[in-house]
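Undergrad: I am attaching a structure below and will ask some questions about it afterwards.
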Amino acid sequence: METLSKTYFPELKDIEKAANRLKSVIANSPLTQNMTYSKKYKANVLLKREDLQNVRSYKIRGAYNKITSLSINKKTKGIVCASAGNHAQGVAFSCNEEKIKGTIFMPTTTPQQKIDKVKWFGGNHVILILFGDTFDDAKKEAIKFSKDNNCTFIHPFDDPLIIEGQGTIGLEILNQTNQHIDYLFLPVGGGGLAAGVSEVFKKLSPETKIIGAEPEGAPSMHKSLKYNSLISLDKINPFVDGAAVKKVGNLNFEICKKNLDDMLLVKEGALCSEILELYNKDAIVVEPAGALSISALDQYKNEIIGKNVVCIVSGSNNDITRMEEIKEKALLHNGLKALLPCQIPSKIWCLKRFCR
8 METLSKTYFP
18 ELKDIEKAAN
28 RLKSVIANSP
38 LTQNMTYSKK
48 YKANVLLKRE
58 DLQNVRSYKI
68 RGAYNKITSL
78 SINKKTKGIV
88 CASAGNHAQG
98 VAFSCNEEKI
108 KGTIFMPTTT
118 PQQKIDKVKW
128 FGGNHVILIL
138 FGDTFDDAKK
148 EAIKFSKDNN
158 CTFIHPFDDP
168 LIIEGQGTIG
178 LEILNQTNQH
188 IDYLFLPVGG
198 GGLAAGVSEV
208 FKKLSPETKI
218 IGAEPEGAPS
228 MHKSLKYNSL
238 ISLDKINPFV
248 DGAAVKKVGN
258 LNFEICKKNL
268 DDMLLVKEGA
278 LCSEILELYN
288 KDAIVVEPAG
298 ALSISALDQY
308 KNEIIGKNVV
318 CIVSGSNNDI
328 TRMEEIKEKA
338 LLHNGLKALL
348 PCQIPSKIWC
358 LKRFCR
């Protein structure tokens with residue numbers, strides 16, 4: 008556990024400045040009613056489609072806001088970051104746009120699709136290094152590299168300018184609808200998105216209930232809020248790579264502790280079922296972290312009846328080679344497939360007899 012001595016809460020004026028910086032590189036992602044989920048939950052369910060950004064996730068907002076705010080001296084020395092994939096794409100895009108040298112560390116478990124896109128967005132301005140099994144492994148190495156080479160580390164979530172960049176999503180949502188939003192469901196990994204967006208809503212729509220959703224295999228925010236202290240997990244499941252961190256940000260924890268009305272855990276199988284549902288029924292492609300907010304709706308199915316509900320769809324950087332694994336997890340979760348472990352003696356005819 009860790010006791011915090013420093014707090015920070017973003018100002019609306021700073022989030023508005025971030026929105027102005029971002030005008031040239033991002034689109035105001037659509038906020039649209041989803042008929043499938045509206046009918047299923049008897050509510051007006053709106054999806055904020057950050058999966059439709061040019062880097063296929065919201066991460067470009069924080070990355071570009073931070074990098075363009077650096078001094079000329081820091082830009083000249085170059086930047087370094089660590090990421091499970093989406094932040095890396097935002098950083099790579101920003102480096103290419105600003106003509107800055109960037110070194111990006113990613114876990115060796117990163118889906119190939121994300122690795123390819125980082126290279127594509129960064130062009131010859133970015134060097135990619137695969138290190139460790141988790142984001143936290145890559146982060147430690149990236150921080151060491153930044154100190155050894157005297158370059159700026161661009162944190163994926165625990166930084167005021169990153170938080171303010173992600174907070175621009177909240178401004179957009181409130182500008183895109185005249186309806187009162189009763190519930191806002193948002194995904195939580197390191198907490199940058201949750202911190203920025205929740206602060207906007209608490210200032211401009213204080214009656215909205217803000218619900219965070221986190222993977223069951225990486226419950227760092229859930230445990231930290233439960234024990235009212237920043238907790239670093241010993242072990243996490245990296246399946247939901249876009250939201251699997253051992254420790255949320257210091258700044259983010261303090262903001263989320265003040266703003267979130269609930270913090271939910273979502274099972275992997277439920278996420279996988281939602282990924283397949285979104286693809287089959289609405290032709291929407293999402294990565295596991297991108298389905299977190301929608302998957303959490305089922306835990307609030309009684310509370311949201313007749314309400315206006317917004318879910319932030321955070322990303323769509325999914326590798327097609329993962330679909331078999333996603334399908335199997337969904338089948339197991341829905342009880343349509345079972346794994347039955349058994350022991351077969353190493354004797355002649357035993358396997359044949361078992362198969363009969």
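Residue numbering for the sequence shown follows the numbering used here, beginning at 8 and increasing consecutively. Even for Gly, the Cβ is constructed at its ideal location relative to N, Cα and C. These numbers come from a predicted model, not from an experiment.
Could you check the C-alpha separation between Leu278 and Ile351 for me, to the nearest Å?
TA: Between Leu278 and Ile351, the C-alpha separation is close to 34 Å.
Undergrad: Looking at the structure shown, is Phe112 part of a helix, part of a strand, or coil, going by DSSP?
TA: The answer is strand: DSSP assigns Phe112 an E or B state.
Undergrad: If Gly219 and Glu57 are in contact, beta carbons under 8 Å, what's the gap, nearest whole angstrom?
TA: Contact doesn't hold; Cβ gap of about 16 Å is too wide.
Undergrad: Write down every uninterrupted run of the beta strand (DSSP E) in the stretch 104-183 whose length is 3 residues or greater and which is fully enclosed by it, in chain order.
TA: List check, beta strand (DSSP E) in window: 109-113 and 133-137.
Undergrad: Determine the contact status of Gly174 and Val207, defining contact as a CB-CB distance below 8 Å.
TA: Yes.
Undergrad: Give the secondary structure of Met8 by DSSP, where H, G and I count as helix, E and B as strand, and everything else as coil.
TA: In this prediction, Met8 scores a pLDDT of 43, lower than 50, which makes its location untrustworthy; the coordinate-derived value is nonetheless stated afterwards. Coil, per DSSP.
Undergrad: Identify the continuous beta strand (DSSP E) that holds Ala70 and give its terminal residues.
TA: Ala70 -> not in any beta strand (DSSP E); alpha helix (DSSP H) instead, spanning Lys66 to Thr75.
Undergrad: Should the stretch 113-132 be called in touch with the stretch 90-105, which here means at least 3 C-beta pairs below 8 Å?
TA: Touching, yes, given that three or more Cβ pairs across the two stretches are closer than 8 Å.
Undergrad: By alpha-carbon positions, which one of Glu331, Glu335, Ile333 and Lys288 ends up nearest to Met412?
TA: Past the edges of the chain, shown from 8 to 363, lies residue 412, and the structure says nothing about it.
Undergrad: Could you check the C-alpha separation between Asp21 and Glu171 for me, to the nearest Å?
TA: Computed Cα separation, rounded: 7 Å.
Undergrad: List in chain order: all unbroken alpha helix (DSSP H) runs of 4+ residues lying wholly within the stretch 238-316.
TA: Fully enclosed alpha helix (DSSP H) runs of 4 or longer: 257-266, 275-289 and 299-302.
Undergrad: Looking only at its own chain, which residues have a Cβ that is under 7 Å from the Cβ of Lys209, when we skip the five neighbours before and after it?
TA: The residues are Asn266.
Undergrad: Kindly indicate the opening and closing residues of the beta strand (DSSP E) around Lys30.
TA: Careful: Lys30 lies outside any beta strand (DSSP E) and carries neither H nor E.
Undergrad: Ordered along the chain, which non-local residues of its own chain (more than five positions away) have a Cβ less than 6 Å from that of Ala89?
TA: So the qualifying residues of the chain are Phe112, Ala145, Lys146 and Ala149.
Undergrad: Is the beta carbon of Val293 closer than 8 Å to that of Leu304?
TA: Not a contact, by the Cβ cut-off of 8 Å.
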